[in-house]
Amino acid sequence: MTTRGFTGRRQPPETTDRIPPGQSLTDDFPVLSAGPTPRIRTDDWSFTLKVGPKPVIKWTWAEFNALPQTKFTRDIHCVTAWSKLDTRWQGVLIDDVLAEAGIEPPTEFTLAHSYDGYSTNVPAKDLLGGKAMIATHYDGKPLVPDHGGPARLLVPHLYFWKSAKWINGLQFTTRDEPGFWELRGYHTYGDPWREQRYTGD
Numbered sequence: 001m002t003t004r005g006f007t008g009r010r011q012p013p014e015t016t017d018r019i020p021p022g023q024s025l026t027d028d029f030p031v032l033s034a035g036p037t038p039r040i041r042t043d044d045w046s047f048t049l050k051v052g053p054k055p056v057i058k059w060t061w062a063e064f065n066a067l068p069q070t071k072f073t074r075d076i077h078c079v080t081a082w083s084k085l086d087t088r089w090q091g092v093l094i095d096d097v098l099a100e101a102g103i104e105p106p107t108e109f110t111l112a113h114s115y116d117g118y119s120t121n122v123p124a125k126d127l128l129g130g131k132a133m134i135a136t137h138y139d140g141k142p143l144v145p146d147h148g149g150p151a152r153l154l155v156p157h158l159y160f161w162k163s164a165k166w167i168n169g170l171q172f173t174t175r176d177e178p179g180f181w182e183l184r185g186y187h188t189y190g191d192p193w194r195e196q197r198y199t200g201d
């Protein structure tokens, strides 16, 4: 993983209870990637919800953006030790994705899939109850490719590698299947408050 644009600074006293152990506060938004940044036109973008290998429903960009829109402000934390506070997002909650598909979570586990072949595993319970969304906007503007545009998964209470960029699908799985970084030694769950960075943490 490479990180561009991170310049850490000391935490102001009033924010220390919002910064997990081992993290430094940044005003920047570092660019993280495991490879080249794909450029996906919204005309070509789609999002597919699957149960196992079976597609349940597929949306085009226009169809997906017609779903209920939610805005929220959250702190985010990267495994490379930066944290950014009060980030502003807009998109479709996973709760609303499932409601539109007319299903409840059929298993306890999910894999998020991206256009560049990236994947990451997230427990289904961590996507529900307003905890996660498919984000299409950041800070009031359409999400740019460097930060996962046109759409990315956003699971802000976990380390940021779980918020898969350039997302094109969410798959329910019968077991907890590791994704790209989990297969390379990153923690299966990734709780920043417990410093679950790597296997064994």
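The sequence shown begins at 1 in UniProt numbering and counts up one residue at a time.
C-beta atoms are modelled at their ideal positions from N, C-alpha and C, and glycine is treated no differently.
Just so you know, these numbers come straight off a predicted model, no measurement behind them.
_Helix, strand or coil at I40 [DSSP, three-state]_ = What you label residue 40 is simply residue 40 of the sequence shown in a count that begins at 1. Here I40 sits in coil by DSSP.
*alpha helix (DSSP H) segment containing V97, residue limits*: As a working mapping, residue 97 is identified with position 97 in the sequence shown. Run containing V97: I94 to A101, per the alpha helix (DSSP H) assignment.
*asked:* Going by the DSSP bridge assignment, what does K50 pair with across the sheet?
replied: Working through the sequence shown from its first residue, we reach residue 50 at position 50. Its beta-bridge partners are P55 and Q171.
*With a CB to CB cut of under 6 Å and the five nearest residues on each side skipped, what residues in its chain are close to T188?*
Your numbering for residue 188 matches position 188 in the sequence shown. Answer for T188: E182, listed in chain order.
*Whether R88 touches G148 by CB criterion (9 Å)*: The residue you call residue 88 lines up with position 88 of the sequence shown. The residue you call residue 148 lines up with position 148 of the sequence shown. No, the Cβ-Cβ distance between R88 and G148 is not below 9 Å.
_Residue environment, V79, which counts as buried when at least 16 other CB atoms sit within 10 Å_ = Indexing the sequence shown from 1 puts residue 79 at position 79. Result: buried.
*Meets three-Cβ-pair contact criterion under 8 Å: the region 190-200 and the region 51-61*: no
*Considering only C-alpha positions, which residue in the set P142, T136, T16 and D176 is nearest to residue 218?*
Because residue 218 is not part of the residues shown, which for the chain are 1 to 201, the question remains open.
*Taking all protein chains shown into account, decide if T174 is buried (16 or more other Cβ within 10 angstroms of its Cβ) or exposed.*
By 1-based counting over the sequence shown, the position of residue 174 is 174. With fewer than 16 Cβ atoms within 10 Å of its Cβ, T174 is classed as exposed.
*Identify every residue that forms a DSSP beta bridge with F72.*
Taking the first residue of the sequence shown as position 1, residue 72 is located at position 72. According to DSSP, F72 bridges with W89.
_What would DSSP say about P192, mapped onto helix, strand or coil?_
For the purposes of this step, residue 192 is identified with residue 192 of the sequence shown, where counting begins at 1. In this structure, P192 counts as helix in the three-state DSSP scheme.
*asked:* Mapping the DSSP letters down to three states, classify L154 as helix, strand or coil.
replied: Working through the sequence shown from its first residue, we reach residue 154 at position 154. L154: strand per DSSP, three-state reduction.
_Here's the rule: buried if 16 or more other CB atoms are within 10 angstroms of the residue's CB, otherwise exposed. What is R4?_
Numbered from its first residue, the sequence shown carries residue 4 at position 4. With a pLDDT of 49 at R4, under the threshold of 50, the predicted position of this residue should be treated as unreliable, and no value is reported.
*Can you check whether the CB of R152 is closer than 9 Å to the CB of W166?*
Along the sequence shown, read from residue 1 onward, the residue named residue 166 stands at position 166. Along the sequence shown, read from residue 1 onward, the residue named residue 152 stands at position 152. Yes, the pair counts as a contact, with Cβ atoms nearer than the cut-off.
_On a Cα-Cα basis, can you pick out the residue from G179, D176 and L170 that is closest to V97?_
Here residue 97 refers to the residue found at position 97 of the sequence shown. When only C-alpha atoms are compared, the closest one is L170.
*asked:* For a test of the three-state rule: what should DSSP assign to T60, helix, strand or coil?
replied: Along the sequence shown, one-based indexing puts residue 60 at 60. Note: T60 maps to strand in three-state DSSP.
*Distance between Y115 and D44 (C-alpha atoms, nearest Å)*: Along the sequence shown, one-based indexing puts residue 44 at 44. Along the sequence shown, one-based indexing puts residue 115 at 115. Each residue's Cα considered, the two are about 11 Å apart.
*P145 (DSSP reduced to helix, strand or coil)*: Stepping through the sequence shown from its first residue, residue 145 is reached at position 145. DSSP places P145 in helix when its eight states are reduced to three.
_I need the straight-line Cα distance from L111 to N65, nearest angstrom please._
The count along the sequence shown starts at 1 and reaches residue 111 at position 111. The count along the sequence shown starts at 1 and reaches residue 65 at position 65. Approximately 22 Å between the Cα atoms of the pair.
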